[in-house]
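What follows is a short report on a single structure.
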């Protein structure tokens, strides 16, 4: 297992917690100097708060640990391609690198719909690596939405 | 004074609080059924948190008041065009309408750089009205950055 796959496995364990809570199963970890300093998962329905995506949770926690809004020596690992809000937050936090597992064809903003992480007119661009444990990350999402469609729970819309 | 100008004046009062705190002077209010239910201003440096933009503050507060992540009967007033993070959060929160004062030519995502608020491939599009009290909103920003450049404070970069 590569180092990136090791961190993505930790992000997947967070995504599983979201799955178990009935949330869209996305998880993330923040790595700084080879150490995981923050873990988080999507909690939008539980928290009744549109800001509570996995990436936002760990950016919030990491800023508290680093003691700065600039997370310039952090790498963010997330199981699914970030949405516009999370991609924008990554740019705001000046995070230099993002690793994600699987694409989000409905709202992904690391190239699928827009490319917020690499917009030359913004004051920060992000190095992106994709496809790490892609099959596992994608499988958990498929499993969730298959169950969701069966149960027809209208509050669980895809991001 | 129109109704929109009245709400924007309240957003400007919030922006002034940011100015007084040495923060990039952006303020916002959330209106629901004609009532202001949340007020907020940019606190990024004070909070040492990249998520603490004016719009994020009021989305967070409004979700707590409404008791849902969907703010479908709210109108967001903000003095400056939203950045990618805030524009993405507005889409996530399903806010139907945004009114802003002045454009942000460096990071604005209601048309200036990207148009996150009106991307047909996302699952939500936002009605946008711009230019309300434009001169006052722009003046406060100019005043701030003039002072900033004089004091050469490196932590106060434009959003």
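Residue numbers (the working numbering), protein chains in the order written: chain A, 2 to 160; chain B, 2 to 160.
The C-beta atom is built at its ideal place from N, Cα and C for all residues, glycine as well.
Bear in mind that the values here come from a model prediction, so they are computed numbers and not experimental data.
query	result
May I ask which residues mark the beginning and end of the alpha helix (DSSP H) holding residue 92(A)?	85-93
Does residue 94(B) have its Cβ less than 7 Å from a Cβ in chain A?	yes
Quick one: list the residues of chain A neighbouring residue 57(B), beta-carbon separation under 8 Å, in chain order.	52
Which parts of the stretch 24-107 of chain B are runs of the beta strand (DSSP E), unbroken and 3 residues or longer, counting only runs that do not cross its ends?	28-33, 36-42, 75-81, 98-103
Run through chain B and tell me which residues come within less than 7 Å of residue 90(A), C-beta to C-beta.	51, 52, 86
Go through its chain and collect everything with a Cβ distance to residue 72(A)'s Cβ below 6 Å, but skip five positions before and after it.	63, 94, 96
Hey, residue 92(A) and residue 121(B) are a contact pair by Cβ (cut 8 Å); roughly how many whole angstroms apart?	Actually they are not in contact, since the Cβ atoms of residue 92(A) and residue 121(B) sit about 23 Å apart, beyond 8 Å.
May I ask you to list, following chain order, the residues of the stretch 100-128 of chain A that have a beta carbon less than 8 Å from some beta carbon of chain B?	107, 108, 110, 114, 115, 117, 120, 122, 123, 124
Would you say residue 68(A) reaches chain B, if we count a Cβ-Cβ gap shorter than 7 Å as a contact?	yes
Which residues in chain A sit within 9 Å of residue 45(B), going by Cβ to Cβ distance?	70, 93
If we ignore side chains and look at the alpha-carbon of each, how far apart do residue 67(A) and residue 78(A) end up?	17 Å
For the stretch 11-34 of chain B, which residues have a beta carbon sitting closer than 9 Å to at least one beta carbon of chain A?	none
Would you mind working out which of 108(B), 26(B), 14(B), 9(B) sits nearest residue 144(B), comparing C-alpha positions?	26(B)
Where does residue 40(A) land, buried or exposed, given buried means 16+ other C-beta within 10 angstroms?	buried
I want to verify the contact list: residues of chain A whose CB lies under 9 Å from the CB of residue 38(B), in sequence order.	Per Cβ cutoff of 9 Å: no residues; residue 38(B) is ~15 Å from chain A at best.
Taking 7 Å as the CB-CB limit, is residue 64(A) close to chain B?	yes
By the three-class DSSP mapping on this structure, what secondary structure does residue 111(B) have?	strand
For the alpha helix (DSSP H) that residue 120(B) lies in, which residues bound it at each end?	That residue, residue 120(B), is in no alpha helix (DSSP H); it is neither H nor E in DSSP.
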